[in-house]
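Written out as structure tokens, the structure is:
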């Protein structure tokens, strides 16, 4: 039987789009800007680290990070993120979203700065301290995923909730773009100030001593946008849904939202007590009731995010192969160390500008019109198509007349990842689980995604190596090659389409309708009958 919803939650659901919505997007979004900047900017500087710390006198090619070091430098932040998503997701449901939110930001700012202050001058000392601080950076970033999504979801109205959560996540696109732009500015400035010959002309002189500042400045810059939003994060009141439905403080929820919405709201303590004593609102994560109501949903959100991130993070690995094929990045020996950073940053900026950023904002514009389910299914479908279109005639794309076509196809896979599952896998887990488990379940879903990122980043780092031992990167065994790796990714995207069928549509419904926290059993039964939809059958 349906119970009348709390007035404070009704007011949030029905609120017109107003200034506090945009404030919340910016406050949460700047965290995501920093998340993306910090996670992706490492790809700009790994080549430089190899040249500075792993130079071999007389070698025909510049120094590069050994496979185990490259894996550690690239992957330690992902491992930290996975752990942080689980820990802070759980903590956000226990202590409250706001209390934990400031802690994650402090961790990100401190670790960002410390990443660029790696101690010592030996390769071992620098890499060890870099990895240590990047783990804790990832740990803080991990907390930002479930907390930002949950806070935005619980603040938003039901009409434009999808667009607001997606807008927070879309700041990730600007973070990637920002990383490329900072890389361009810093490398261009240093390249102009400290002229150096190409490696093939003079190997030792091609890496000037000042190059050691370049990677440090790029990594440390990520702390600035996060630090600027700390004050505003601390000023945000706790979400009404946590205060009323989890902490059971009706007066506090009404008082907080009265200020936010500029209207008088009744405390309704009797209703909060009824909700608190309702058996259907007290089951835990590891209960049979949770498995019955939300088990398939959690399976859907975890598997789709896992499969998406295998493809998304491994795509970044193929950038250097594809950029080299099309001539955007010349051979390493033909450039000096700092100019190589400039070329890599330019390529990343162009891809972000042309496909990554537009994809995110297409999702923001259309998610509350098309729905989450349709966008996710469509995104996985086109990622599958374009992966196969790149892979099957791979030799065709390596020929000079077809290079522009190769860039377009590669950009379209990024576009449909972002106008597709990369955004929706973030949005949906923040909507379909009960308030007392929302942050935890989002953290579990996001951690599954990061597990996929680790598989994508490292499994395919080895898999994409040439089958010819003479053509592999230094220190790597032969793999299956780029072509077969892309075919495997196409298959993974196809499975993403299948598991999307387990994810319910949440467009246009209040969070309490979706989770049954307002006592509407009919809605719950309907979702259980057909997990892929919440529209009438």
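Residue numbers (our numbering): 4 to 540. In this text, a Cβ means the ideal position worked out from N, Cα and C, and glycines have one as well. Every value quoted in this text rests on a predicted model; they were computed, and no experiment measured them.
Practice task
Please work out which residues of its chain come closer than 7 Å, Cβ to Cβ, to residue 23, disregarding the five sequence neighbours upstream and downstream, and give them in chain order.
Solution key: Along the chain shown, one-based indexing puts residue 23 at 20. Correct list, in chain order: 263.
Practice task
With a 10 Å radius around its C-beta and 16 neighbouring C-beta atoms as the bar for buried, classify residue 269 as buried or exposed.
Solution key: In the chain shown, counting from the first residue as 1, residue 269 sits at position 266. Burial call: exposed.
Problem - Buried versus exposed call for residue 265 [16 or more other C-beta atoms within 10 Å across all chains shown] - result: In the chain shown, counting from the first residue as 1, residue 265 sits at position 262. Per the 10 Å Cβ criterion, exposed.
Problem - 3-residue-minimum beta strand (DSSP E) runs that sit fully inside the region 85-159, ordered along the chain - result: none
Exercise for the section: Answer with buried or exposed for residue 68, where buried requires no fewer than 16 other C-beta atoms within 10 angstroms of its C-beta. Expected result: Reading the chain shown from its first residue, position 65 is the one you call residue 68. Buried: at least 16 other Cβ atoms inside 10 Å.
Problem - Cut-off 6 Å between Cβ atoms - residues of its own chain near residue 121, not counting five sequence neighbours on either side - result: Looking up residue 121 in the chain shown gives position 118. The residues are 129, 132 and 133.
Practice task
Within the same chain, show all residues whose beta-carbon is closer than 6 Å to that of residue 99, passing over the 5 residues directly before and after it, in chain order.
Solution key: If you number the chain shown from 1, residue 99 lands on position 96. So the list reads 241 and 245, once near-sequence residues are dropped.
Handout entry: Under 8 Å between C-beta atoms of residue 379 and residue 506
Key = Sequence index remark: in the chain shown, residue 379 carries index 376 (1-based). Sequence index remark: in the chain shown, residue 506 carries index 503 (1-based). Their beta carbons are under 8 Å apart, which means residue 379 touches residue 506 by this criterion.
Problem - residue 215 versus 509, 230, 226 and 197, residue with shortest Cα-Cα distance - result: To locate residue 215, count along the chain shown from 1; it is residue 212. Checking every option, the nearest Cα to that of residue 215 belongs to 197.
Problem - First through last residue of the alpha helix (DSSP H) which encompasses residue 400 - result: In the chain shown, the residue the question calls residue 400 occupies position 397. 397-401 is the extent of the alpha helix (DSSP H) around residue 400.
Practice task
Measure the alpha-carbon distance for residue 486 versus residue 455 and round it to whole angstroms.
Solution key: Counting from 1 along the chain shown, the entry for residue 486 is found at position 483. Counting from 1 along the chain shown, the entry for residue 455 is found at position 452. Distance between the alpha carbons of residue 486 and residue 455: 20 Å.
Problem - Complete runs of the alpha helix (DSSP H) confined to the region 357-408 [at least 4 residues] - result: 360-373, 375-394 and 397-401
Exercise for the section: Helix, strand or coil for residue 338, going by three-state DSSP, please let me know. Expected result: Against the chain shown, residue 338 aligns to sequence position 335. Coil.
Exercise for the section: Just the C-alpha distance for residue 169 and residue 203, rounded to the nearest angstrom, thanks. Expected result: If you number the chain shown from 1, residue 169 lands on position 166. If you number the chain shown from 1, residue 203 lands on position 200. Taking the straight line from one Cα to the other gives about 47 Å.
Exercise for the section: Please report how far the alpha carbon of residue 49 lies from the alpha carbon of residue 371, in whole angstroms. Expected result: The residue labelled residue 49 in the question sits at position 46 within the chain shown. The residue labelled residue 371 in the question sits at position 368 within the chain shown. Approximately 39 Å, taken between the alpha carbons.
Practice task
Put residue 44 into one of helix, strand or coil per three-state DSSP.
Solution key: For the purposes of this step, residue 44 is taken as the residue at position 41 of the chain shown. Coil.
Exercise for the section: Please name the residue in 236, 199 and 41 whose C-alpha comes closest to that of residue 106. Expected result: Position 103 of the chain shown, counted from the start, is the residue given in the question as residue 106. Here the closest residue by C-alpha is 236.
Practice task
Could you tell me if residue 54 is buried or exposed, where buried requires 16 or more neighbouring beta carbons within 10 angstroms of its beta carbon?
Solution key: In the chain shown, counting from the first residue as 1, residue 54 sits at position 51. Counting Cβ neighbours within 10 Å, residue 54 comes out buried, since at least 16 surround it.
Problem - Where residue 209 falls: helix, strand or coil (DSSP) - result: Here the question's residue 209 lines up with position 206 in the chain shown. Note: residue 209 maps to coil in three-state DSSP.
Handout entry: Exposure label - residue 354; buried when at least 16 CB within 10 Å
Key = Start at 1 with the first residue of the chain shown, and residue 354 comes out as number 351. The residue in question, residue 354, is buried, as its Cβ has 16 or more Cβ neighbours within 10 Å.
Exercise for the section: Taking residue 500 as the reference, give the member of 376, 167, 267 and 422 with the closest Cα. Expected result: Here the question's residue 500 lines up with position 497 in the chain shown. When each option's Cα is compared against that of residue 500, the closest is 376.
Practice task
Just the C-alpha distance for residue 389 and residue 164, rounded to the nearest angstrom, thanks.
Solution key: Here residue 389 refers to the residue found at position 386 of the chain shown. Here residue 164 refers to the residue found at position 161 of the chain shown. Each residue's Cα considered, the two are about 30 Å apart.
Exercise for the section: Evaluate contact between the region 461-481 and the region 63-80, counting only Cβ atoms and requiring at least three cross-stretch pairs below 8 Å. Expected result: yes
Exercise for the section: Would you tell me roughly how many angstroms separate the C-alpha atoms of residue 566 and residue 272, rounded to the nearest one? Expected result: Residue 566 lies beyond the range of the chain shown here (4 to 540); nothing can be said about it.
Practice task
Pull up the distance between the alpha-carbon of residue 61 and that of residue 206, whole angstroms please.
Solution key: Within the chain shown, numbered from 1, the residue matching residue 61 stands at position 58. Within the chain shown, numbered from 1, the residue matching residue 206 stands at position 203. For residue 61 and residue 206, the distance between alpha carbons rounds to 8 Å.
Practice task
Would you mind working out which of 141, 51 and 85 sits nearest residue 42, comparing C-alpha positions?
Solution key: Residue mapping note: residue 42 aligns to position 39 of the chain shown, counting from 1. If we check each option's Cα against that of residue 42, 141 comes out closest.
Practice task
Would you kindly check if the distance between the Cβ of residue 91 and the Cβ of residue 47 is under 8 Å?
Solution key: Position 44 of the chain shown holds residue 47. Position 88 of the chain shown holds residue 91. No, the Cβ-Cβ distance between residue 47 and residue 91 is not below 8 Å.
Problem - Straight-line Cα distance separating residue 200 from residue 211 - result: Residue mapping note: residue 211 aligns to position 208 of the chain shown, counting from 1. Residue mapping note: residue 200 aligns to position 197 of the chain shown, counting from 1. Distance between the alpha carbons of residue 211 and residue 200: 10 Å.
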